[in-house]
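The structure appears below as structure tokens.
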Amino acid sequence: MTVKARETCELAIVGGGPAGLAAATLAAELGVEAVLFDEQPTPGGQVYRNVEATCRRQDDLPAFLGADYRGGLALVERFRASAAAYEPMSAIWQVTAGGKLGVSQRGEAYLTQARRVILATGAMERPFPIPGWTLPGVMGAGAVQTLMKASGLVPDRPTVIAGSGPLIYLVAYQLMQAGAPLQAIVDTSAQPLIRSAFAALPHLSGAAGELFKGLTWIAALKAKRIPMLAGRNLVAEGTSRVEAVSFEADGRRQRLATSLLLLHEGVIPNIQITTSLRCRHEWDPAQMAWRPATDEWGATSLDPIAIAGDGAAIRGAKAAVPLGRLAALDAACRLGHIAEGERDERAAPERAALARQHNFRSFLDRLYRPIESVRPLDDATIACRCEEVTAGDLRELIDDGFTDLNQLKSFSRCGMGQCQGRMCSNTVGRVLAERLGTGMAEVGHYRLRLPVKPLPIEQLALLKNADRNSKPILPVVAGDPSQRI
Amino acid sequence: MIKTDVIVIGGGIHGCCTALHLARRGLRPIVLEKNTVGRHASGVNAGGVRQLMRHTAEIPLSMAAMTAWENLDDLLGPELAQNCEFIGGVGQIGLAESADEMAWCHTRVAEMRALGYDFEEVIDVAELKRLVPSVADICRGAIISRRDGHANPFRTTQSFRLRAEELGARIFERTRVTGLEQSDAGWTVTTNNGVFQAETIVNCGGAWAWQLAEMVGEHLPKSHFASTLMVTTRMPRFIDPVVIGIDRTLSFKQTEAGTVVIGGGILGDPQLDAETADTVADRMVESAETVYEFFPILRKATIVRSWAGLEALMPDVIPVIGPSRVAPGLWHAFGFSGHGFQLGPIVGSVLADLILDGKSPIPITAFSPERFTPEGTLRSASH
Numbered sequence: 155m156t157v158k159a160r161e162t163c164e165l166a167i168v169g170g171g172p173a174g175l176a177a178a179t180l181a182a183e184l185g186v187e188a189v190l191f192d193e194q195p196t197p198g199g200q201v202y203r204n205v206e207a208t209c210r211r212q213d214d215l216p217a218f219l220g221a222d223y224r225g226g227l228a229l230v231e232r233f234r235a236s237a238a239a240y241e242p243m244s245a246i247w248q249v250t251a252g253g254k255l256g257v258s259q260r261g262e263a264y265l266t267q268a269r270r271v272i273l274a275t276g277a278m279e280r281p282f283p284i285p286g287w288t289l290p291g292v293m294g295a296g297a298v299q300t301l302m303k304a305s306g307l308v309p310d311r312p313t314v315i316a317g318s319g320p321l322i323y324l325v326a327y328q329l330m331q332a333g334a335p336l337q338a339i340v341d342t343s344a345q346p347l348i349r350s351a352f353a354a355l356p357h358l359s360g361a362a363g364e365l366f367k368g369l370t371w372i373a374a375l376k377a378k379r380i381p382m383l384a385g386r387n388l389v390a391e392g393t394s395r396v397e398a399v400s401f402e403a404d405g406r407r408q409r410l411a412t413s414l415l416l417l418h419e420g421v422i423p424n425i426q427i428t429t430s431l432r433c434r435h436e437w438d439p440a441q442m443a444w445r446p447a448t449d450e451w452g453a454t455s456l457d458p459i460a461i462a463g464d465g466a467a468i469r470g471a472k473a474a475v476p477l478g479r480l481a482a483l484d485a486a487c488r489l490g491h492i493a494e495g496e497r498d499e500r501a502a503p504e505r506a507a508l509a510r511q512h513n514f515r516s517f518l519d520r521l522y523r524p525i526e527s528v529r530p531l532d533d534a535t536i537a538c539r540c541e542e543v544t545a546g547d548l549r550e551l552i553d554d555g556f557t558d559l560n561q562l563k564s565f566s567r568c569g570m571g572q573c574q575g576r577m578c579s580n581t582v583g584r585v586l587a588e589r590l591g592t593g594m595a596e597v598g599h600y601r602l603r604l605p606v607k608p609l610p611i612e613q614l615a616l617l618k619n620a621d622r623n624s625k626p627i628l629p630v631v632a633g634d635p636s637q638r639i
Numbered sequence: 102m103i104k105t106d107v108i109v110i111g112g113g114i115h116g117c118c119t120a121l122h123l124a125r126r127g128l129r130p131i132v133l134e135k136n137t138v139g140r141h142a143s144g145v146n147a148g149g150v151r152q153l154m155r156h157t158a159e160i161p162l163s164m165a166a167m168t169a170w171e172n173l174d175d176l177l178g179p180e181l182a183q184n185c186e187f188i189g190g191v192g193q194i195g196l197a198e199s200a201d202e203m204a205w206c207h208t209r210v211a212e213m214r215a216l217g218y219d220f221e222e223v224i225d226v227a228e229l230k231r232l233v234p235s236v237a238d239i240c241r242g243a244i245i246s247r248r249d250g251h252a253n254p255f256r257t258t259q260s261f262r263l264r265a266e267e268l269g270a271r272i273f274e275r276t277r278v279t280g281l282e283q284s285d286a287g288w289t290v291t292t293n294n295g296v297f298q299a300e301t302i303v304n305c306g307g308a309w310a311w312q313l314a315e316m317v318g319e320h321l322p323k324s325h326f327a328s329t330l331m332v333t334t335r336m337p338r339f340i341d342p343v344v345i346g347i348d349r350t351l352s353f354k355q356t357e358a359g360t361v362v363i364g365g366g367i368l369g370d371p372q373l374d375a376e377t378a379d380t381v382a383d384r385m386v387e388s389a390e391t392v393y394e395f396f397p398i399l400r401k402a403t404i405v406r407s408w409a410g411l412e413a414l415m416p417d418v419i420p421v422i423g424p425s426r427v428a429p430g431l432w433h434a435f436g437f438s439g440h441g442f443q444l445g446p447i448v449g450s451v452l453a454d455l456i457l458d459g460k461s462p463i464p465i466t467a468f469s470p471e472r473f474t475p476e477g478t479l480r481s482a483s484h
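Chain order of the listed sequences is X and D.
Under the working numbering, think of the first position of the first sequence as 155, with each following residue one higher.
Under the working numbering, think of the first position of the second sequence as 102, with each following residue one higher.
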């Protein structure tokens with residue numbers, strides 16, 4: 155054993171993005187024995203990925219990535235300076251309702267019993283199932299941005315970005331600055347950003363700066379004459395890899411040859427762990443995503459489990475910090491380190507900070523309601539990419555009478571592959587809801603069990619601190635192998 | 102109000118198969134399923150089609166079932182039979198690591214021969230290695246039943262359901278029985294989805310079957326459990342037979358999809374009222390450990406999912422098949438105690454014979470509810 159199993163902890167925080175970092179830092183400052191588990195080798199999450207090393211670079215990459223990204227450094231430094239323990243390169247493959255975490259660290263697995271858990275597992279890019287979306291050369295725009303932050307990798311071949319939301323303009327701006335051969339942006343949103351922006355200005359108290367930033371990216375892209383087109387009904391074309399993207403604009407089909415197509419229509423909460431916990435979830439019609447139900451502190455329907463940040467509902471990195479701090483205050487209170495009065499008093503400025511973010515988020519939700527990624531799939535379009543199940547396959551089963559999401563999974567193997575259903579749960583749900591003429595809330599989402607991250611058999615076999623006496627009492631007498639259950 | 106001749110409560114494999122056989126014999130059965138067909142143990146079991154190492158009371162039933170498996174075309178038609186993904190003749194093999202296990206294999210085969218059954222045999226290491234080249238060099242030999250194999254449990258249950266429907270059975274999903282009353286007019290079954298009437302009721306309620314019995318004042322064992330399975334990502338084909346442990350916690354097979362399904366008596370936490378079950382990592386370790394020791398090829402394989410199915414468990418680990426002790430016209434078929442899937446094609450045929458002819462050609466007295474006291478505990482004499 156090279157890994158030392160951490161058998162217990164008072165508060166476990168899962169995820170090292172802004173919510174997790176803020177929660178761990180504040181909890182530790184309040185005297186809680188807080189441990190932050192994160193998959194990455196360094197703190198920052200997806201949004202501030204690798205921010206310490208990137209900020210030390212001598213080239214222009216830190217400048218290209220922008221002041222918002224570099225601003226994450228302060229959060230990381232405060233976390234580093236706190237008494238919170240840090241377990242990097244740790245995948246969490248289970249969380250039980252009793253607060254028992256399964257940790258996989260440098261090739262070894264162990265279990266940790268926490269008194270309370272804050273899940274800060276953030277968001278994932280909304281899957282974008284259009285014809286051809288599984289071709290090599292089609293990626294998420296967020297994934298490319300992550301590569302840029304994590305390893306300084308910048309695309310070197312003709313690139314088109316398609317979708318909607320501020321991130322496509324940010325990534326386009328960052329790519330352009332870093333010298334990537336950016337061909338065009340295809341905006342799929344309902345109306346051009348500028349028009350809706352002016353309409354929304356009165357509602358943006360305190361967040362006008364955010365909007366202004368978006369407008370500066372667009373201005374910079376315009377100055378470099380990057381074509382910005384409006385388009386619908388995207389198709390990724392190609393045989394063995396993507397060769398072009400086509401779309402409808404002004405009533406006719408247009409085609410752009412490209413070697414890299416980046417798709418993005420926002421992010422959705424990552425609900426793998428909360429689903430496996432059978433926490434109560436709600437369908438959020440504004441964000442078109444499932445989210446775990448939480449109270450004003452981020453507490454879920456299960457006593458020891460709370461959520462901070464985008465994992466509860468998409469509110470962005472700026473809101474993640476006060477959300478993380480609220481979850482930490484509640485944890486410190488429930489764990490007996492501070493009284494309710496102190497918790498509520500300390501919560502006031504956090505709630506004020508959240509309120510400032512709130513109007514801007516509602517504006518974004520209204521403006522960037524997903525369109526392309528949630529339009530009805532053609533029969534030939536793949537819904538589950540791991541098992542290559544098409545929308546047509548699913549519709550055939552639904553018409554045969556399999557009207558339950560998990561039945562569709564059992565029958566077609568959709569959601570059974572390597573991604574454990576992350577990528578297709580909503581798509582398959584949507585195909586089902588459309589066919590039955592019902593809503594997403596009615597069809598539900600996949601049932602999930604551990605491991606919520608793939609776990610090698612040898613890690614499970616060599617797991618040292620399992621409770622081997624954990625057995626239910628059964629009426630059966632063991633002994634004769636032919637009288638087994 | 103919907104009237105018919107027989108109502109089957111529970112849309113698992115035995116409920117669907119019972120409806121199929123009743124419909125085949127000209128009746129108009131209705132299946133009432135509280136969730137969806139195959140939602141619990143029937144749809145999510147390991148899919149073993151195993152005669153090997155069965156309780157001797159189950160062997161006549163199991164042998165008849167094996168013949169039915171080998172002739173699924175007759176029962177289901179070619180398309181639905183294929184849909185079951187049944188692979189027979191690859192064998193199920195019980196691995197003997199210790200001298201005690203090897204000795205048990207010899208004793209078992211001798212006992213079986215004395216009873217007139219010759220489908221189990223002891224094999225040596227050379228034959229084991231020929232059949233399972235990937236097994237580690239820690240086995241002394243094995244016990245095998247060569248006709249055995251495996252099938253896809255969810256697809257099989259659905260095939261039985263679809264065939265039953267083709268023959269005129271009606272399946273009501275999301276239809277939960279809330280009341281069961283008998284009068285001169287027969288049985289009245291109240292559900293969330295309407296009222297049903299029939300002369301005969303078959304209780305195939307699995308883990309919840311005892312609750313249906315309680316509705317007519319009959320007490321049967323309430324025990325149930327959640328058998329857990331874990332599954333790897335797809336792997337290149339490396340094994341055809343199903344392997345199981347004798348004293349060790351082991352059971353796995355490679356499915357048609359190439360994934361490896363690992364079980365062997367791992368227990369989950371059943372949630373009878375919530376109608377689900379949680380899998381428990383602590384209890385999965387032992388099973389992973391056995392796989393690690395016996396099959397080094399699987400050490401780096403990745404587990405991507407686990408699940409558990411709720412199933413009734415009888416204290417003597419054999420099912421309840423037979424007439425109710427208190428209510429004429431009510432038949433029970435449940436309590437398969439974790440190994441009912443292989444019996445899937447035959448139990449319904451036995452019930453159809455019992456209901457229509459009053460007797461079964463296959464001996465089933467060992468499964469009678471009479472072996473329990475009126476309070477629902479096992480009578481010590483019959484054990």
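No residue lacks a Cβ here, since even glycine has one placed at the ideal position from N, Cα and C.
- Sixteen is the threshold: since fewer than 16 other Cβ atoms of the shown chains lie within 10 Å of the Cβ of Ile239 (chain D), the residue is exposed.
- For a cut-off of 8 angstroms, the C-beta gap from Ala390 (chain X) to Pro285 (chain X) is around 7 angstroms, short enough to register as a contact.
- By the Cβ neighbour-count rule, Gly495 (chain X) is exposed, with fewer than 16 other Cβ atoms within 10 Å of its own.
- Annotation for Ser352 (chain D): the continuous beta strand (DSSP E) segment containing it runs 352 to 355.
- Gln561, Ser564, Phe565, Arg567, Met570, Gln572, Gln574: these are the residues of the region 560 to 594 of chain X whose beta carbon lies less than 7 angstroms from some beta carbon of chain D, given in chain order.
- Residue range 320 to 331 is occupied by the alpha helix (DSSP H) that includes Gln331 (chain X).
- Trp444 (chain X) and Ser284 (chain D) have their C-alpha atoms spaced approximately 48 angstroms apart.
- At a cut-off of 7 angstroms between C-beta atoms, Val392 (chain D) counts as an interface residue with respect to chain X.
- Residue-level contact check: Gln637 (chain X) touches chain D, since one or more beta carbons of chain D fall below 7 angstroms from its beta carbon.
- At least one C-beta of chain X is nearer than 7 angstroms to the C-beta of His156 (chain D).
- Residue-level contact by beta carbon fails for Val257 (chain X) and chain D, as no gap is shorter than 7 angstroms.
- Pairing Leu153 (chain D) with Pro605 (chain X), the inter-Cα distance amounts to about 31 angstroms.
- The beta carbon of Gly269 (chain D) lies closer than 7 angstroms to those of Ala124, Arg129 in the same chain, with the five residues before and after it left out.
- Taking the beta carbon of Pro416 (chain D) as reference, the chain X residues within 7 angstroms of it are Pro629, Val630, listed in sequence order.
- Two segments are said to touch when three or more pairs of C-beta atoms, one from each, lie closer than 8 angstroms; by this definition the region 613 to 623 of chain X does not touch the region 250 to 266 of chain D.
- If you draw a straight line from the Cα of Ile552 (chain X) to the Cα of Ile160 (chain D), it is about 39 angstroms long.
- Taking one beta carbon from each stretch, the region 208 to 216 of chain X and the region 180 to 192 of chain X have fewer than 3 pairs nearer than 8 angstroms; the two do not touch.
- By the rule that beta-carbons nearer than 7 angstroms mark a contact, Gly439 (chain D) touches chain X.
- Annotated as proximal: Gly111 (chain D) and Gly307 (chain D), with beta-carbon spacing under 7 angstroms.
- Judged by DSSP secondary structure, Glu412 (chain D) falls within the beta strand (DSSP E) whose first and last residues are 403 to 413.
- With a beta-carbon spacing of about 15 angstroms, Asn253 (chain D) and Gly113 (chain D) fall beyond the 8 angstroms limit used to define contacts.
- If you look at Asp370 (chain D), you'll find it isn't in any alpha helix (DSSP H); it sits in the beta strand (DSSP E) that goes 370 to 372.
- Arg539 (chain X) is outside the set of residues whose beta carbon lies under 7 angstroms from a beta carbon in chain D.
- By the neighbour-count definition (other C-beta atoms within 10 Å, threshold 16), His207 (chain D) is an exposed residue.
- If you check each beta-carbon in the region 351 to 366 of chain D against every beta-carbon of chain X, the ones closer than 7 angstroms belong to Ala358, Gly366.
- Just measuring C-alpha positions, the residue of X:Met278, X:Lys158, X:Thr412, X:Leu227 sitting nearest Gly261 (chain X) is X:Lys158.
- By a beta-carbon distance limit of 8 angstroms, Ser430 (chain X) does not contact Leu265 (chain X). Their separation comes to about 15 angstroms.
- Between the region 179 to 196 of chain D and the region 362 to 381 of chain D, the count of C-beta pairs closer than 8 angstroms stays below three; the two stretches do not touch.
- Scanning D:Leu444, D:Leu431, D:Thr333, D:Ala409 for the CA closest to the CA of Ile398 (chain D) turns up D:Thr333.
- Per DSSP, the beta-bridge partners of Tyr240 (chain X) are X:Leu190.
- Beta-bridge partners of Asp438 (chain X) (DSSP): X:Ala443.
- Per DSSP, Met331 (chain D) is one residue of the beta strand (DSSP E) stretching across 325 to 333.
- Within chain D, no C-beta atom comes less than 8 angstroms from the C-beta of Arg434 (chain X); the nearest is roughly 13 angstroms away.
- Shown here, Asp379 (chain D) sits in a strand according to DSSP, grouped into three states.
- Its Cα nearest to that of Leu456 (chain X), the residue X:Cys433 stands out among X:Cys433, X:Val399, X:Ala403.
- Assigned with DSSP and collapsed to three states, Gly346 (chain D) falls in strand.
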